[in-house]
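Here's the structure, in C-alpha cells; my notes come after.
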Amino acid sequence: MHLVTLKDWSAAQILEVVAAGSALRKNPGLHARALAGRTLALLFQKTSTRTRCAGEISVAQLGGRALYLDWRSTNFGLADLGDEIRVLNEYVDFIVARFLKHDDVRCAAHASRVPVMNGCCDRYHPLQILADLQTIHEALGRLEGVRLTYVGAHNNVCNSLIAAGLKVGMQVRVATPEPEPPAADAELCEAGRRAGLYSATTDLRAALEGCDVVYTDTWIDMEYFDDPAFAAEKERRLQLYLPYQLNARLLEGRDLRLMHCLPAHRGYEIDGEMLDDPRSIIMAQAQNRLHSQKAVLLHLAGTRS
Ligand code: CP
Numbered sequence: 644m645h646l647v648t649l650k651d652w653s654a655a656q657i658l659e660v661v662a663a664g665s666a667l668r669k670n671p672g673l674h675a676r677a678l679a680g681r682t683l684a685l686l687f688q689k690t691s692t693r694t695r696c697a698g699e700i701s702v703a704q705l706g707g708r709a710l711y712l713d714w715r716s717t718n719f720g721l722a723d724l725g726d727e728i729r730v731l732n733e734y735v736d737f738i739v740a741r742f743l744k745h746d747d748v749r750c751a752a753h754a755s756r757v758p759v760m761n762g763c764c765d766r767y768h769p770l771q772i773l774a775d776l777q778t779i780h781e782a783l784g785r786l787e788g789v790r791l792t793y794v795g796a797h798n799n800v801c802n803s804l805i806a807a808g809l810k811v812g813m814q815v816r817v818a819t820p821e822p823e824p825p826a827a828d829a830e831l832c833e834a835g836r837r838a839g840l841y842s843a844t845t846d847l848r849a850a851l852e853g854c855d856v857v858y859t860d861t862w863i864d865m866e867y868f869d870d871p872a873f874a875a876e877k878e879r880r881l882q883l884y885l886p887y888q889l890n891a892r893l894l895e896g897r898d899l900r901l902m903h904c905l906p907a908h909r910g911y912e913i914d915g916e917m918l919d920d921p922r923s924i925i926m927a928q929a930q931n932r933l934h935s936q937k938a939v940l941l942h943l944a945g946t947r948s
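Numbers in this note's numbering are just positions in the sequence shown, counted from 1, shifted up by 643.
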C-alpha cells in the first residue's frame, strides 16, 4: 500500500490515521519499538523543514532509523527511476518521495514493493493534509460538516484538501483570483462540485462568510520563489494575489481557525502577525506533522493503533 494521493485512500483509512495521530500526540511513547530494525528513506528533489524532520524523527521514535537522500547526491538522476527504486527496496522498508512531478511519484510507487509516501509534488501533498485533518479535528471536534475556506493559489495543498474533504465530508471553498488554474485537479473539482463539497469563487469576503477554518499557502511553489527565470510571473502573481492576503483587517470579528502549512511568506499570503493570532492553529499543524507521520508509518506497516 502507498500514499500517493488521498484520492486512493478510503475515509476509514484517513480517519484511522487522524485518530492514531491524536493518540500519539497525547502519548508520544506509544509503539516505541514498532518499527525496530526498519528504515525509512527520504528521497528529496526539493528542500524541506517539516516533511524531512517529521520523517526522520517519526521513524526514530518508533524504534527505526531514517536515511535522508538528497536526489542530487545520488545516481537517481542518471538512471531509470524504477530501476533505482527497486534497488532502494533492497535496503529500506518505507520511502517518502518529495519529487517535482506527480508522474514520478506514481512511477516510484508502481516500481516499489515497499510503501511510498508522496512527500509533496506539483499536484498533491497528502502527508500535510493528514496532519491538517488531525489539527482540525483536535480544534473543532469534528471533520464532517466543517466549512473550510482556502484562500490564494489553487495548488497541491488545495487539491489535497479537496480530496480529503470528499472523503470526510468537509466542505472546501476556494477563494482565488484564478479559479482552477492548470495545477488544479479538474476531475477532483468536478467530483467535489457534484458532491456539494467544493466550490470556487473570486469573492473572498463571500467565501469567508460562516467558515470554520481559513487556510492559506504560498502563492508561488517553493522551487520557483527565488528563480530569476520566474521573476516576471512572481511579480504578476504578487500583484494579482495581494488583495487575498490574510490579515487582521480581513479577519476582524470572524470566529474561525487560521491555518497555513508553512513555510509562510510573511507580508505576502499572510500578514506575519496572524501566525500568533489567538485563532491561529498554525503551530499545532506543524507539530502534528510528526504525530501524523508516525500514524501513517504505523498504518502502512499494518500496526493496529
Ligand atoms: N509544509 C511542508 O511540507 O513543509 P516543508 O516544505 O518544510 O517540508
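C-beta atoms are modelled at their ideal positions from N, C-alpha and C, and glycine is treated no differently.
DSSP beta-bridge partners of residue i
| i | result |
| --- | --- |
| residue 761 | 740 |
| residue 858 | 793 and 902 |
| residue 946 | Answer is none; residue 946 lacks a bridge partner. |
| residue 889 | 913 |
| residue 692 | According to DSSP, residue 692 bridges with nothing at all. |
Residue i and residue j closer than 8 Å at C-beta
| i | j | result |
| --- | --- | --- |
| residue 764 | residue 744 | yes |
| residue 809 | residue 793 | no |
| residue 786 | residue 812 | yes |
| residue 905 | residue 700 | no |
| residue 825 | residue 845 | no |
| residue 698 | residue 683 | yes |
| residue 759 | residue 772 | no |
| residue 879 | residue 862 | no |
| residue 687 | residue 713 | yes |
| residue 925 | residue 908 | no |
| residue 757 | residue 935 | no |
| residue 938 | residue 663 | yes |
| residue 761 | residue 740 | yes |
| residue 729 | residue 754 | yes |
| residue 818 | residue 887 | yes |
| residue 832 | residue 791 | no |
| residue 884 | residue 788 | no |
| residue 927 | residue 778 | yes |
| residue 891 | residue 914 | yes |
| residue 843 | residue 871 | no |
The beta strand (DSSP E) enclosing residue i, as first and last residue numbers
| i | result |
| --- | --- |
| residue 917 | Counting along the chain, residue 917 falls outside any beta strand (DSSP E), and DSSP gives it neither H nor E. |
| residue 842 | 841-844 |
| residue 712 | 708-713 |
As assigned by DSSP and simplified to three states, the class of residue i
| i | result |
| --- | --- |
| residue 687 | strand |
| residue 756 | coil |
| residue 724 | helix |
| residue 867 | helix |
| residue 772 | helix |
| residue 767 | coil |
| residue 646 | strand |
| residue 924 | coil |
| residue 673 | coil |
| residue 705 | coil |
| residue 682 | strand |
| residue 803 | helix |
| residue 717 | coil |
| residue 895 | coil |
| residue 653 | coil |
| residue 798 | coil |
| residue 735 | coil |
| residue 668 | helix |
| residue 823 | coil |
| residue 698 | helix |
| residue 745 | helix |
| residue 934 | helix |
| residue 786 | coil |
| residue 908 | coil |
N-terminal and C-terminal residue of the alpha helix (DSSP H) that residue i is part of
| i | result |
| --- | --- |
| residue 815 | Segment 814-818 is the beta strand (DSSP E) holding residue 815; no alpha helix (DSSP H) there. |
| residue 884 | 874-884 |
| residue 835 | 829-838 |
| residue 850 | 847-851 |
Any non-hydrogen atom of ligand 3 closer than 7 Å to residue i Cβ
| i | result |
| --- | --- |
| residue 763 | This structure simply doesn't include ligand 3; it includes ligand 1 instead. |
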